[in-house]
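The working numbering puts the first residue of the sequence shown at 640, with every later residue one more than the last.
The structure under discussion appears below in the form of structure tokens.
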Amino acid sequence: MAEKLTWDEIKKRYPDEYVVLVDTAVDDSTTVVEGTVMAHGKNKHEMRQVLAQIAPKRGGCLWTGTVHGRIRVIRRDEDTA
């Protein structure tokens, strides 16, 4: 089974990659502080496909490198209910 890692550990282990995280924990400002990496890679589209297949209750696809430009948050319908 995959281990739960802090966000800093995830960034060190998977630099400049997209990571599919499940069982995430966030701080008061909704920043991810830890999670379990289910997949990782350079291709955002492939990682989002993995995320869609897993469909975790708490999780997402995040970039571990420096973010340039705008950030878009995608939520499932049941997340807003």
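Each residue gets a CB set at the ideal place from its N, CA and C atoms; glycine is no exception.
Which class does residue i belong to by DSSP, given the choice of helix, strand or coil?
i	result
HIS655	This sequence places Asp at residue 655; His is not what is there. In this structure, ASP655 counts as coil in the three-state DSSP scheme.
ALA664	strand
LYS643	strand
Can you check which of these residues, the options, is closest to residue i by C-alpha distance?
i	options	result
ALA641	GLU656, VAL706 and VAL661	VAL661
GLU707	ASP647, GLU648, ILE649 and ASP655	Looking at the sequence provided, one finds His at residue 707 rather than Glu. Measuring from the Cα of HIS707, the nearest candidate turns out to be ASP655.
LEU701	GLU648, LYS643, LYS651 and LYS683	LYS683
Please report the distance separating the alpha-carbon of residue i from that of residue j.
i	j	result
VAL658	GLU673	12 angstroms
ALA678	SER668	25 angstroms
THR645	VAL665	11 angstroms
TYR653	GLY699	15 angstroms
LYS761	ARG697	Lying outside 640 to 720, the shown extent of the chain, residue 761 is not represented and no answer is given.
VAL671	THR663	7 angstroms
Does any CB atom of chain B fall closer than 9 angstroms to the CB of residue i?
i	result
GLU642	No chain B is present in this structure, which holds just one protein chain.
How far does the alpha helix (DSSP H) with residue i in it reach, from first residue to last?
i	result
HIS684	683-693
Which residue marks the beginning of the beta strand (DSSP E) containing residue i, and which one marks its end?
i	result
GLU673	671-680
GLY699	698-702
Does the separation of the CB atoms of residue i and residue j fall below 9 angstroms?
i	j	result
ILE649	VAL676	yes
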